[in-house]
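So the protein sequences, as listed, match chains A and B. Once you know that position 12 of the first sequence is 12 in our numbering, the rest is easy, because the numbers rise by one and skip nothing. With positions in the second sequence counted from 1, the corresponding number in our numbering is that position plus 128. Cβ coordinates follow ideal geometry from the N, Cα and C atoms, glycine included. Quick caveat: nothing in here was measured; it's all calculated off a predicted structure. Inspection log for the structure reproduced underneath, given as structure tokens.
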Amino acid sequence: MPTLTASVAFDAPDALATLNDLDEAALDACAFGVIGMEPDGTVAQYNAFEQRRAGMTRERVVGRHFFSEVAPCTNNYLVATRYEDEPALDAVIPYVFTLRMRPTPVELRLLRGPGAARMYLLVRPRGA
Amino acid sequence: VSAAAHAAPPSEVEVVVAALAALEREHEALLDFIYLCPLGILQLDAAGTVEIANPVASQLLLQIAPGADFSNFFAVMDAVDPELRQLADGLTAERGTVCEARRVDAGRRSARAALPLVFTVTLLKLNPDRSMAVLADVSRSDAAERAARATEERFRAVLDGVRDYAIFSLALDGTIESWNRSAERMFEFTAEEALGLDAVALCAPDGTGAARMEAMLAGARTQGWGEDDGWWRRKARTRFWGSAVLSLAEDAEGAPRGFTVVIRDATRRRRREEELEAKAYTDALTGVGNRRYFDEVAPREADRAARLRDSVCLVTLDVDHFKRVNDTHGHAAGDAVLAAVARAVRDAAREVDVVARIGGEEFAVLLPSTDAGGARAAADRIRLAVEQLVVRTGDAALRVTVSAGVAELASAPDDAGVGEGIDRLLARADAALYAAKRRGRNRVVVAEAPRPGGAPA
Numbered sequence: 001m002p003t004l005t006a007s008v009a010f011d012a013p014d015a016l017a018t019l020n021d022l023d024e025a026a027l028d029a030c031a032f033g034v035i036g037m038e039p040d041g042t043v044a045q046y047n048a049f050e051q052r053r054a055g056m057t058r059e060r061v062v063g064r065h066f067f068s069e070v071a072p073c074t075n076n077y078l079v080a081t082r083y084e085d086e087p088a089l090d091a092v093i094p095y096v097f098t099l100r101m102r103p104t105p106v107e108l109r110l111l112r113g114p115g116a117a118r119m120y121l122l123v124r125p126r127g128a
Numbered sequence: 129v130s131a132a133a134h135a136a137p138p139s140e141v142e143v144v145v146a147a148l149a150a151l152e153r154e155h156e157a158l159l160d161f162i163y164l165c166p167l168g169i170l171q172l173d174a175a176g177t178v179e180i181a182n183p184v185a186s187q188l189l190l191q192i193a194p195g196a197d198f199s200n201f202f203a204v205m206d207a208v209d210p211e212l213r214q215l216a217d218g219l220t221a222e223r224g225t226v227c228e229a230r231r232v233d234a235g236r237r238s239a240r241a242a243l244p245l246v247f248t249v250t251l252l253k254l255n256p257d258r259s260m261a262v263l264a265d266v267s268r269s270d271a272a273e274r275a276a277r278a279t280e281e282r283f284r285a286v287l288d289g290v291r292d293y294a295i296f297s298l299a300l301d302g303t304i305e306s307w308n309r310s311a312e313r314m315f316e317f318t319a320e321e322a323l324g325l326d327a328v329a330l331c332a333p334d335g336t337g338a339a340r341m342e343a344m345l346a347g348a349r350t351q352g353w354g355e356d357d358g359w360w361r362r363k364a365r366t367r368f369w370g371s372a373v374l375s376l377a378e379d380a381e382g383a384p385r386g387f388t389v390v391i392r393d394a395t396r397r398r399r400r401e402e403e404l405e406a407k408a409y410t411d412a413l414t415g416v417g418n419r420r421y422f423d424e425v426a427p428r429e430a431d432r433a434a435r436l437r438d439s440v441c442l443v444t445l446d447v448d449h450f451k452r453v454n455d456t457h458g459h460a461a462g463d464a465v466l467a468a469v470a471r472a473v474r475d476a477a478r479e480v481d482v483v484a485r486i487g488g489e490e491f492a493v494l495l496p497s498t499d500a501g502g503a504r505a506a507a508d509r510i511r512l513a514v515e516q517l518v519v520r521t522g523d524a525a526l527r528v529t530v531s532a533g534v535a536e537l538a539s540a541p542d543d544a545g546v547g548e549g550i551d552r553l554l555a556r557a558d559a560a561l562y563a564a565k566r567r568g569r570n571r572v573v574v575a576e577a578p579r580p581g582g583a584p585a
């Protein structure tokens, strides 16, 4: 039974641990995009915010490899390479995503921990 | 036909909802398609404002202007390709191509970037208010190309820059198939002159080129490589001493495709060796080889000939009535005669022939790749040259003659399966020489071929 109070802020220090415990409904309640990935990069979670932002349904995205099959524009040294290289990764970087085909400045939070099963990518529109 | 036929017709709302759902699915598929497109695609207005950009385009522009606003395409591109804006402004026609796959070297944009960023821009003006730009990241292929170019340049520098080596290739028939600067430098033939030439033409013109080349090719065919140390010729007919290795080149299926030849100019090393050896192996009086030289070189040459089934001949020469010269005119006159005869022999012989003084007034000439007929002709040339000599010593002008015996190394092994060897060859040549003496001197006698297993004639 999901607890209605369970939530996480974009820049919460313990975001990685909290995200691991949140269920789908709690993730959908987040006011930023949450992409949960298996250690191999396969998308496991894709929250409601991210579905709206990207215009893609969860059904289309889950099970695909994120960096090569969903968002190849992140398959670079700024994003994908850091997940590969840094076993303990927690970094916020400015980035640009496309929102309805328009470049939109966003902030990305890259999360990966040695103890955590999943890696997370959080997406928050900049200036929002 | 189906259950639908019996159901109530869908309401207007249901039709619209279904149509919207279909549109949504199509829209999502289209987005997915554009997200995954490996090229950056942009739509720009007249001023260059980015109206539409796919993720790859955004990501590329982000690398050029990290964190900065890149709402205007030209403003972003100013940092790496300021000319692009001018090109676009320069196109005054209503529509047309501003540039096609224009290469932009953006350099290494971050310390984390593995490669310098290189991309191409295609900019198409659709009408005065609308342009499309296509960006393609070619960093990876560009880096690969540069690496390949660098390797090639390094290789060419090695080939061209090292004066002491020549590397070229031959077709299976031994004609020159490729020729480069290193070979040009060593042999002085241009590619135009060298291509298609039989490689024998590169050997010193001493008559042994064909046999040397055949031995090398045979070695390469049977064991994969063949080698040769010998004199080669430059275009200007000067010669150099080169160590050559010839290896078999195979195609992808392993079938012989030709030969690769590497020659090292070892003239200087050769000269040093020669200088060192010269004293030990030279007859001080005449300047030709001494007996020790003959004893070392001749058996090697006989072995080589036997191994390659090449012919080799030995000519022995003896100055006629030499004792009389010594007795009448003194030892100094005798020495002058020997020196003059040696010079005549040396001059008449080919470069490759082994000339040595093997006795008091006896000389030997070993002629590789020569049959009995050729050796007889060579011996006769020497005989005639000596006959023409006038040796001035003190107040006397001396004339001498030589007698010569010629023997060709027996190619067939004897009953014991042993090749003839230099000792028996020398014995047969000497026997022929004494036959020439007996028949009146100043003549050449060719030894009969030895009877298999029998004693020399």
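- By the Cβ criterion, the stretch 162–170 of chain B is in contact with the stretch 178–187 of chain B, since at least three pairs of Cβ atoms, one from each stretch, lie closer than 8 Å.
- PRO94, TYR95, VAL96, PHE97, THR98 and MET101: these are the residues of the stretch 90–101 of chain A whose beta carbon lies less than 8 Å from some beta carbon of chain B, given in chain order.
- Inter-residue distance for ALA506/B and LEU330/B is about 24 Å (C-alpha atoms, whole angstroms).
- With contacts defined by Cβ atoms closer than 9 Å, GLY63/A and TYR120/A do not form a contacting pair.
- Under the three-pair Cβ rule at 8 Å, the stretch 459–469 of chain B counts as touching the stretch 512–522 of chain B.
- Chain-ordered listing is empty here: chain B has no CB closer than 7 Å to the CB of GLY33/A, the nearest sitting near 14 Å.
- Assigned with DSSP and collapsed to three states, LEU254/B falls in strand.
- According to DSSP, ALA377/B shares a beta bridge with GLY386/B.
- Distance between ALA434/B and ALA364/B, taken at the CA atoms: about 33 Å.
- With respect to the 9 Å criterion, HIS155/B and GLY55/A are classified as neighbours on the basis of their beta carbons.
- Separation of TRP353/B and SER375/B (C-alpha to C-alpha, rounded to the nearest whole angstrom) is 4 Å.
- Look at the beta carbons and you see the stretch 526–539 of chain B touching the stretch 443–457 of chain B: at least three pairs across the two are nearer than 8 Å.
- For the pair PHE296/B and SER306/B, the CB atoms are nearer than the 9 Å cut-off.
- Contact between the stretch 139–150 of chain B and the stretch 44–60 of chain A is absent: fewer than 3 CB-CB pairs across the two stretches fall below 8 Å.
- Rounded to whole angstroms, ARG277/B and ALA229/B show a C-alpha spacing of 21 Å.
- Residues of chain A whose Cβ lies closer than 7 Å to the Cβ of SER267/B do not exist; the shortest such Cβ separation is about 10 Å.
- Here PHE317/B carries a coil assignment [DSSP, helix/strand/coil].
- Cβ proximity to chain A below 8 Å picks out PRO166, VAL178, GLU179, ILE180, ALA181, ASN182, PRO183, VAL184, ALA185, SER186, GLN187 and LEU189 from the stretch 166–189 of chain B.
- No residue range can be given for ILE486/B, since it is assigned to no beta strand (DSSP E) and is classified by DSSP as neither H nor E.
- Residues of chain A whose Cβ lies closer than 8 Å to the Cβ of SER238/B are, in chain order, TYR77 and LEU78.
- Sequence-ordered contacts of the stretch 133–156 of chain B with chain A read HIS155 and GLU156 [C-beta pairs closer than 8 Å].
- For SER269/B and PRO244/B, the gap between their C-alpha atoms comes out near 11 Å.
- Considering only GLY218/B, LEU219/B and ILE192/B, the residue with the shortest C-alpha distance to ASP206/B is ILE192/B.
- A Cβ-Cβ distance of about 7 Å is found for the pair GLY462/B and PHE450/B, placing them in contact under the 8 Å criterion.
- None of the residues of the stretch 202–232 of chain B has a beta carbon lying less than 9 Å from any beta carbon of chain A.
- Only residues of its own chain outside the window of five on either side were considered, and among them VAL440, VAL482, LEU494 and PRO496 have a CB closer than 7 Å to the CB of GLU429/B, listed in chain order.
- Along the stretch 8–40 of chain A, the alpha helix (DSSP H) occurs as fully enclosed runs of 4 or more residues at 15–21 and 24–28, listed in sequence order.
- Residues of chain B whose Cβ lies closer than 8 Å to the Cβ of THR57/A are, in chain order, GLU156.
- Between VAL266/B and VAL249/B the beta-carbon gap is near 11 Å, outside 8 Å, which marks them as no contact.
- Looking at the DSSP output, GLN171/B sits in a beta bridge with ILE180/B and MET260/B.
- For CYS73/A, at least one C-beta of chain B is nearer than 9 Å to its own C-beta.
- At a Cβ-Cβ threshold of 9 Å, THR521/B and ALA464/B count as neighbours.
- Taking 9 Å as the cut-off, the Cβ atoms of ALA372/B and GLY358/B count as close.
- When the alpha-carbon of PHE317/B is set against those of ALA275/B, VAL574/B and ARG361/B, the nearest one is in ARG361/B.
- Close CB contacts of GLU280/B within its chain, under the 7 Å cut and outside five residues either way in sequence, are absent.
- Around the beta carbon of PHE247/B, 16 or more other beta carbons lie within 10 angstroms, which makes this residue buried.
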